[in-house]
Amino acid sequence: MFDYKHYVPVLKWKRGEQKALEFLSQPLKQNMTPLLEIPPISYGEDEDRTSKLGAQLNGIGKDVTQAWNFPTPVFIDCIQLEVDEQLSMSNGQHFLEYVIDDIESYGTKAIPVANLEHYDPFFDALKNVTNHYGRGFCLRVKRSDLNDLNTLTSHIDGLLTFMDLTPKDVDIVLDYDFMGGDTSSTAYSQLILNIIQFPHLTQWRTFSIIGTSMPAILRMKPNTLMGIERVEWNVYELIIKFKNGLGRIPTFGDYTISNPTYGEFDPSIMQVAATIRYTVRDKYLIFRGATTRGPGGFQQYISLAQDVVAHPGYSGAGYSYGDQYIFDCAHQQNGVGTGSHETWRRATVNHHLTFVIHELANLHGSSTSGSPVASIQP
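Just so we're aligned, residue 24 is where the sequence shown starts under our numbering, counting upward by one.
Next comes the structure, spelled out in C-alpha cells:
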C-alpha cells in the first residue's frame with residue numbers, strides 16, 4: 024500500500040484538524056495516509072448513550088470524504104468510542120461497522136484500526152467489515168505491548184487466525200505515544216530493538232511508528248517563546264541514517280502538534296491562553312500569550328502571528344495554507360482577523376502536515392510530486 028517514504032499522521036477528528044486536512048495541497052496527499060481518530064464522547068449521568076452516539080457520528084462519512092477528497096485509503100480509529108461492551112447504534116449495528124459503512128458510502132476507502140484489548144463485539148464487527156470490503160485492517164500496537172514479545176506474538180497470531188487473514192493483509196502501527204520524557208538516544212535504542220524483534224517483521228503490508236514530544240499541558244509563562252525538541256523526528260533521522268541491517272525500515276508518523284491524551288475541556292468556562300504551535304526542523308516553537316478571556320483577548324493572535332513571521336524558522340507565506348493564514352493575520356489582510364482556537368489549530372496543523380511531508384522527501388531523497396500552495400481562503 025505504501026513504503027517507508029510515506030507519512031502516517033494521527034489526526035483527532037475535530038473541526039480544526041478536519042479543515043487542516045481539507046486545505047492541504049492535493050499533490051501532497053499522495054505522500055500520506057492519515058490515521059483519523061474519532062474522539063471519545065462525554066456522556067452525562069442520565070444521558071441516553073445510544074442517542075448521543077448516533078448524533079455524534081451523524082454525517083461522519085460526508086465529513087471524512089470532504090476533508091480527505093483523495094482516492095487512497097485512510098485509517099479509521101474508533102477505539103475511543105468503546106466505553107462498554109453493549110454500546111451500539113440505535114439499529115443494533117456496531118459503531119465500527121456504522122462508521123466504516125458511512126465513509127465507504129461516500130466513496131472514500133476506509134481501513135479500520137484495532138488494538139489487542141477490545142471487547143468481543145468489536146472484533147466481531149472488525150471481521151464483518153474486513154470480510155465485506157476486503158481492505159484488511161490496521162493493528163495499533165501500544166508501547167506497553169512490546170514489553171513481552173512472546174505474549175504479543177501469541178495475541179497477534181490469535182487475532183490473525185480469528186480474522187482469517189495473514190500479515191500481508193494488515194498494517195502495523197507501533198504507537199510510542201508521548202516520547203517527551205525520553206532522550207533521543209534511549210528512545211532510538213529501544214525502538215531499534217522493538218523493530219528487530221517484532222513478529223513477522225517483513226511480512227506486514229505496511230509498518231509504521233508514531234509518537235510525539237508535545238506534552239499534554241504546556242507549562243509556560245505568558246508572553247514567552249519555548250522550543251520543544253521533536254524527539255520522534257530526531258529518532259527517525261537516526262533510524263534512516265543507520266538503516267542498513269535493520270530488517271525493515273519503518274514509516275514515520277506523529278500526532279502532528281497534539282498530545283495523544285483527551286481531557287474534559289470546556290472553552291466557555293476554562294482559561295485558554297492565546298498560543299501558536301509552529302513546527303520547524305527539530306523543534307516545536309510555542310508562541311504563548313495570555314488568556315484570551317483577559318484584556319488582550321483574541322487580539323493577541325495578531326502580535327503572536329507577527330512573532331512567527333519574524334522568526335527565522337518561518338517557512339514563508341506561500342508554503343502552505345496555514346503559513347498564508349499566519350501571514351495574513353500578522354498583516355491583517357485578506358479578511359483574516361484574529362481567528363479562534365479552532366482556526367489556529369487548522370492553520371498550524373496544516374503547516375505541520377506540509378512541513379513533515381517535505382521533510383520526509385528531503386530525508387529520503389524523493390519527490391513530493393508538487394509544491395505546497397496556499398490557494399484556499401479561510
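For each residue, glycine too, the CB sits at the ideal point set by N, CA and C.
Assign residue i to one of three DSSP states: helix, strand, or coil.
i	result
V31	strand
K42	helix
I99	strand
G77	helix
L169	helix
Y142	coil
L23	Nothing in the structure corresponds to residue 23, since the chain is present only between 24 and 401.
I126	helix
Y66	coil
T158	In the sequence under discussion, the amino acid at residue 158 is Arg, which differs from the Thr named in the question. DSSP places R158 in coil when its eight states are reduced to three.
P135	strand
T184	helix
D422	Outside the shown range of the chain, which is 24 to 401, sits residue 422, and nothing can be said about it.
L197	strand
I83	helix
T23	Past the edges of the chain, shown from 24 to 401, lies residue 23, and the structure says nothing about it.
L47	coil
G388	coil
In whole angstroms, what is the alpha-carbon distance linking residue i and residue j?
i	j	result
I64	Q226	36 Å
M112	Y121	8 Å
L182	N170	19 Å
K85	N267	43 Å
G234	M202	6 Å
R271	S212	15 Å
T284	L214	21 Å
M243	S338	24 Å
Y142	E108	6 Å
F93	M55	11 Å
D100	N357	36 Å
P401	V359	Bear in mind that a pLDDT of 31 at P401, under 50, signals an unreliable position, so the number given afterwards is only what the model happens to contain. For P401 and V359, the distance between alpha carbons rounds to 7 Å.
I123	Q329	42 Å
N154	I262	36 Å
G319	A313	8 Å
E105	F145	8 Å
I134	R163	12 Å
A397	R38	Bear in mind that the predicted position of A397 carries a pLDDT of just 38, short of 50, making it unreliable; the figure below should be weighed with that in mind. Their Cα atoms are separated by approximately 19 Å.
P57	E45	12 Å
I102	S236	22 Å
P395	A340	Caution is warranted here: a pLDDT of 41 is assigned to P395, below 50, making its placement in the model unreliable, and the coordinate value is therefore given only provisionally. Computed Cα separation, rounded: 11 Å.
D71	F350	45 Å
V303	P335	10 Å
L241	S281	11 Å
G157	E365	36 Å
G317	N246	13 Å
Assuming residue i and residue j make a contact with CB atoms under 8 Å, what is their CB distance in whole Å?
i	j	result
Y342	T377	7 Å
N205	W256	What sits at residue 205 in the sequence shown is Asp, not Asn. Rounded, the Cβ-Cβ distance is 13 Å, inconsistent with contact.
T131	V152	About 14 Å separates the two Cβ atoms, so there is no contact after all.
G345	T371	6 Å
Q53	T95	7 Å
R166	D198	7 Å
Y30	I380	6 Å
L383	E260	Between E260 and L383 the Cβ distance is about 10 Å, and since that is not below 8 Å, they are no contact.
L269	A297	Their Cβ separation, rounded to whole angstroms, is 43 Å, which puts L269 and A297 out of contact at 8 Å.
L110	L76	7 Å
Would a C-beta distance cut-off of 9 Å place residue i and residue j closer than the cut-off?
i	j	result
S228	V193	As written in the sequence, residue 228 is Arg, which differs from the Ser given in the question. In contact: R228 and V193 (Cβ atoms closer than 9 Å).
H223	Y301	no
R253	A43	no
I61	W91	no
L248	F321	no
T315	V295	yes
I232	P273	yes
G250	L308	yes
H117	D147	yes
F230	L188	no
L119	L139	no
G276	V196	yes
L34	L59	yes
A210	G286	no
Report whether the distance from the Cβ of residue i to the nearest heavy atom of the ligand NAD is below 8 Å.
i	result
T206	Among the components modelled here there is no ligand, and therefore nothing to report on the ligand NAD.
ask   = Unbroken beta strand (DSSP E) runs of length 3 or more, entirely within the region 214-292: which are they?
value = 229-235, 247-252, 274-277
message = My parser needs the alpha helix (DSSP H) runs of 4 or more residues fully inside the region 305-382; what are they?
response = Fully enclosed alpha helix (DSSP H) runs of 4 or longer: 323-333, 344-354.
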